[in-house]
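Numbering-wise (the working numbering), the sequence shown opens with residue 25 and increments by one.
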Amino acid sequence: MNFLKLPPPLHLHLLLNHNHRSLSFHPHTHRNRTFTLPSFFRQKSTSPKRIISSILQTGDGVTSDSDSCSTEHDNLSSVVRIVAVVGEGALSPLKSASWLDVMIHTAERLKWVDDQYDMLVFTDNISDSNQNLQRELTTSNILLVVSVTNPEPVEWIQRYSQKIPNVVCFDSSPALQNKLGGSLVNKKTKETAKTISESWIRYNSDDIRFCLLLIINSYIKPVPILKNLRAQGFSTLNCMVKNCGIQVLNCLLDPNCRKALQCLNECSPVDQVCNYQCIASYESPILEEFSLCVLQKHNCLDLDAKIPEKPFVPPMVKFQGEPLSHEIAEDLFVGWLGKMEWSWRVVAGQNPAYDQFPCQYQLFYRGKAKGSFWYEPVFQVKTLDGKLVWRRRKYRVKRGKVAGTFYFSVLDNGVVSNESWTIVDVADDLSWGLFHYSGAARVAGQSYTGAVLVSLDGKYPNDSEKDGLLSALGRCYIKEWELFDVDNCSCSGPPLGLPEGSRLHTTINVDNLK
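Here you go:
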């Protein structure tokens with residue numbers, strides 16, 4: 025995970041139907057008291073409870089004219105074909121990148137999930153003579169319309185999209201209707217529409233892709249990385265009660281831990297932004313013991329996320345003209361530590377859940393034991409009650425097979441995360457660097473990718489470094505407009521410092537750098 029990745033360890037959509045009786049705990053230490061699980065453990069839930077204003081239109085529930093469109097999503101051989109139509113010249117909120125560029129990049133990123141997902145992108149400069157687009161629409165099962173408002177393309181889309189079972193329109197003419205599963209958005213599809221809307225309005229590449237994956241998962245075929253969106257049954261609660269009764273009881277008795285569970289219950293299981301905010305706001309030893317038992321030790325949710333294999337990002341091969349070795353690569357991570365109190369400060373990051381928090385410091389160092397290497401991020405979090413708090417984590421780091429690649433692991437709030445990191449590029453004068461990561465919190469059902477741009481002082485590289493930075497981002501398959509800028513103001517009093525006996529550089533001498 026990225027340098028402050030706190031995997032959402034408590035996807036507590038463990039909920040039962042209302043007709044199940046509530047479960048009571050009678051541990052021997054509390055013989056005279058009966059504790060009943062609160063309602064958020066007992067209701068069935070497959071979608072987030074947070075209520076928002078959907079930007080998808082809601083229809084009257086009338087089924088579309090096409091009865092021939094299959095809405096069965098348990099057919100693993102179903103073909104996923106997506107057509108996106110965007111307003112010609114329309115700019116997105118992603119640093120004013122064109123919607124055309126954003127959608128083309130989304131099509132590429134979908135291939136990382138499954139190379140059988142086909143998405144074609146067109147502008148709304150269309151007419152009846154556009155036989156190519158007409159032909160694609162006849163075989164597509166998702167139509168995504170973005171920023172289309174001109175009457176002529178709106179009318180064209182209305183005419184040729186009637187038989188497409190899933191149509192979602194954003195920032196477009198209200199004359200365009202949305203469909204999910206072959207029907208206009210209605211009560212049955214309302215919760216899915218809300219989840220799609222909530223994700224879309226965050227306007228980042230991860231959530232835009234998630235909107236499409238959610239439609240695929242719900243109405244075409246299961247998406248393995250969204251496995252934990254599916255409702256858990258009685259066996260989950262039985263596992264918790266049988267193996268972790270004391271930990272569950274302690275959490276329910278503790279106001280802070282109980283707030284964390286209630287907060288997490290309002291998040292979609294795959295909404296890493298929401299889950300992280302809950303955990304960072306209410307984290308405690310009791311919450312850690314709960315997740316350690318329920319998830320890490322007994323995997324009561326029966327999840328098994330894996331580190332993404334795509335995209336493959338190669339490491340840099342030379343530094344200051346010399347071939348990159350494991351020792352030099354570790355020194356590059358250690359960075360400015362010794363001359364400064366930190367190795368690097370994060371300028372920007374790609375992952376919307378973990379890379380945009382304020383005041384991010386990285387500390388890399390060699391430990392006392394031979395061959396040991398450690399990473400400690402220090403960062404600020406704004407809690408849900410408005411407080412600014414510092415957090416610090418500790419990762420074990422091991423060398424990969426190739427110099428410049430590393431394996432990270434951490435027990436974070438009771439859940440183990442494993443990650444692959446790559447040093448993509450570092451300037452010869454250590455003025456900036458780019459690190460890419462892919463990771464998974466296996467028992468939490470979470471996998472993720474991202475990258476962090478770092479520098480000495482947390483400021484963006486100067487214009488003379490622009491070409492080198494864009495080249496490095498390109499090797500990560502990341503566009504500059506995907507990066508979130510980190511707020512590095514008001515960062516006084518970070519809890520820095522290193523364990524006694526830590527060792528720093530072995531090859532690079534930072535005192536010789538400007």
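Beta carbons: idealized from backbone N, C-alpha and C, even for Gly.
Taking the Cβ atom as the reference point for each residue, do residue i and residue j lie within a distance shorter than 7 Å?
i: I128; j: I166; result: no
i: F381; j: F403; result: yes
i: D379; j: V476; result: yes
i: C291; j: N280; result: no
i: V145; j: V370; result: no
i: V247; j: I239; result: no
i: Q470; j: A329; result: yes
i: N228; j: P376; result: yes
i: V191; j: T147; result: no
i: Q320; j: V439; result: yes
i: Y385; j: W414; result: no
i: T530; j: E351; result: yes
i: V126; j: L115; result: no
i: H460; j: C515; result: no
i: Q374; j: I225; result: no
i: T260; j: S242; result: no
Assuming residue i contacts residue j (C-beta within less than 8 Å), just tell me the rounded distance between them.
i: L356; j: F343; result: 7 Å
i: P339; j: T446; result: 5 Å
i: H232; j: T130; result: As written in the sequence, residue 232 is Ile, which differs from the His given in the question. Right, their Cβ atoms sit about 6 Å apart.
i: Y184; j: Q158; result: 6 Å
i: L161; j: V178; result: So it is not a contact: roughly 15 Å between Cβ atoms.
i: L327; j: K251; result: 7 Å
Select from the options the residue whose C-alpha is nearest the C-alpha of residue i.
i: K363; options: G521, K321, I240; result: G521
i: Y399; options: Q158, N536, E443; result: E443
i: K135; options: T260, E160, V104; result: V104
i: R416; options: V178, C275, L387; result: L387
i: F234; options: L118, L537, H529, D295; result: D295
i: S151; options: S367, Q182, I232, G428; result: Q182
i: G498; options: N486, D449, P518; result: D449
i: F397; options: K425, S223, F432, E179; result: F432
i: I249; options: L237, S259, Y243, T260; result: L237
i: Q186; options: G113, K203, Q374; result: K203
i: S197; options: A217, N210, P175; result: P175
i: E524; options: A393, P485, E351; result: A393
i: R466; options: N323, D125, L277; result: N323
i: K418; options: V405, D436, K251; result: D436
i: D452; options: L493, G424, N210; result: L493
i: A353; options: C515, L325, V421; result: V421
i: S315; options: K483, A121, A468; result: A468
i: G463; options: S207, E333, K214; result: E333
i: G428; options: L458, K406, G410; result: L458
i: A496; options: I532, V478, G482; result: V478
i: D195; options: K212, C383, T173; result: T173
Per DSSP, which residues does residue i bridge with? Please list them.
i: Y389; result: W398
i: A465; result: Q470
i: I447; result: F459
i: Y419; result: Y399
i: T147; result: V110
i: N442; result: S433, A464
i: I166; result: I106, N190
i: F508; result: G373
i: K203; result: V191, L208
i: F347; result: According to the sequence shown, residue 347 is Pro rather than Phe. In DSSP, P347 forms a bridge with K342.
i: L412; result: K406
i: W368; result: Q386
i: R527; result: R390
i: V337; result: DSSP lists no partner for V337.
i: A353; result: A353 pairs with nothing; no bridge assigned.
i: S197; result: Per DSSP, none; premise fails for S197.
i: D142; result: R105
i: L522; result: In DSSP, L522 forms no bridge with anything.
Distance cutoff 7 Å, beta carbons only. Does residue i sit that close to anything in chain B?
i: R390; result: Within the model displayed, chain B is absent; a lone protein chain is all it includes.
Notebook entry, point to check: If we count Cβ pairs, one from each stretch, closer than 8 Å, do we get three or more for the stretch 297–313 versus the stretch 263–278?
Noted result: Under the three-pair Cβ rule at 8 Å, the stretch 297–313 counts as touching the stretch 263–278.
Item checked: Contact between the stretch 166–175 and the stretch 106–122 (3+ Cβ pairs under 8 Å) -> Under the 8 Å Cβ criterion, the stretch 166–175 counts as touching the stretch 106–122, having at least three qualifying pairs.
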